[in-house]
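This report refers to the structure that appears directly beneath it.
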Amino acid sequence: MQNLKQWLRDTADTPLEEMSDFFTKRLDDYEEHMSNWEESYRIFAENLPLRCENILDLGCGTGLELDKIWQINPQIEVTGVDLCADMLAKLLAKHHDKPLTTICEDYFQYEFGYDKWDAVISFESLHHFLPERKRELYRKICRSLKEQGVFIVGDYIACCDEEEELLRTVYLDKRKRSAIPADCYVHFDIPLTLEHEKELLQSAGFVIEKVLDGNATILIAGKGEL
């Protein structure tokens, strides 16, 4: 916590960046920067049920989790949704030979459909959003899954209530000081604790099947009752 508090003091006057712009500016170094999650990407892919034939990837970026998934099952059909067109272009360049559809869109606005997906996945994306927004998204995801479908989240988890509350307070204060509109997504980490993330998933109709700890915390949630 001391390191986090010092970082927040050091960056107190640093303005928030719009989400897509943030990743576009860092595209060249993105995959190298994310290489420290290599083991988590592998674990994430290995826990995708083998029965999956189609998946929806929210915030897919350049597809680092998909690299591992397609190594296991190169036939799996993927729809990837992301705000950053440049990241999607890099994903398509890497995997032009795969059954891949990319959609440059806000995944909160995307039409998920009903009983459509064997799995919905997201890696290191959802911790940028407040729980109020995530709850409705999770409900949409739950409705969109087939009967035996799963939602797999690999994400940054707050170590304690203090970290969760501190980051949220700073985030809201920065947005207010810069008069950022509510519909503008910015890059800033506001993770929940594991307890609160699980409660959010359960309130949306999921049953937590497994939690795997590592560089990223991976939650596997089955479709329950809404």
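The numbering of the sequence shown is the working numbering, which starts it at 495 and goes up by one. Note that the Cβ used here is the ideal one computed from N, Cα and C, for glycine as well.
Three-state secondary structure (DSSP) of Thr505: coil
Coarse secondary structure for Lys670, derived from DSSP in three states: helix
Rounded separation between Glu547 and Asp612 - CA only: 7 Å
Beta-ladder partner(s) of Trp531, from DSSP: Trp531 is not bridged to any residue.
Per-residue DSSP class, three states only, for Ser616: strand
C-beta atoms of Tyr632 and Leu577 nearer than 8 Å: no
Element boundaries [alpha helix (DSSP H), containing Asp561]: Leu558 to Ile566
Exposed unless 16 or more other CB atoms sit within 10 angstroms - verdict on Glu568: At residue 568 the sequence reads Pro, which differs from the Glu that was named. Per the 10 Å Cβ criterion, exposed.
Among Ala587, Ile674, Ile537 and Tyr679, the one whose alpha carbon lies nearest that of Ile566: Ile537
Ser638 versus Arg503 - alpha carbon distance: 42 Å
Test item: CB-CB of Glu559 and Tyr535 under 8 Å: yes
Validate contact between the segment 646–658 and the segment 585–592 using beta carbons, cut 8 Å, 3 pairs: no
Range of the contiguous beta strand (DSSP E) that encloses Thr687: Counting along the chain, Thr687 falls outside any beta strand (DSSP E), and DSSP gives it neither H nor E.
Residue environment, Gly699, which counts as buried when at least 16 other CB atoms sit within 10 Å: buried
Simplified DSSP assignment, three categories, for Lys640: strand
Beta-carbon gap between Met495 and Glu657 smaller than 8 Å: yes
Buried or exposed (CB count within 10 angstroms, at least 16 for buried), Ala506: exposed
Which of helix, strand or coil DSSP assigns to Leu550: strand
Closest Cα partner of Phe682 within the set Phe516, Glu526 and Ile702: Phe516
C-beta contact flag for Ala704 and Glu641 at 8 Å: Here residue 704 turns out to be Lys, not Ala, going by the sequence shown. Against a cut-off of 8 Å, the Cβ pair of Glu641 and Lys704 comes out as no contact.
Alpha-carbon spacing of His721 relative to Thr687, whole angstroms: Because the chain here runs from 495 to 720, residue 721 falls outside it and cannot be looked at.
Straight-line gap, Tyr665 to Phe606 (C-alpha atoms, nearest Å): 28 Å
Classification of Glu540 by the beta-carbon crowding that lies within 10 angstroms, buried from 16 upward: exposed
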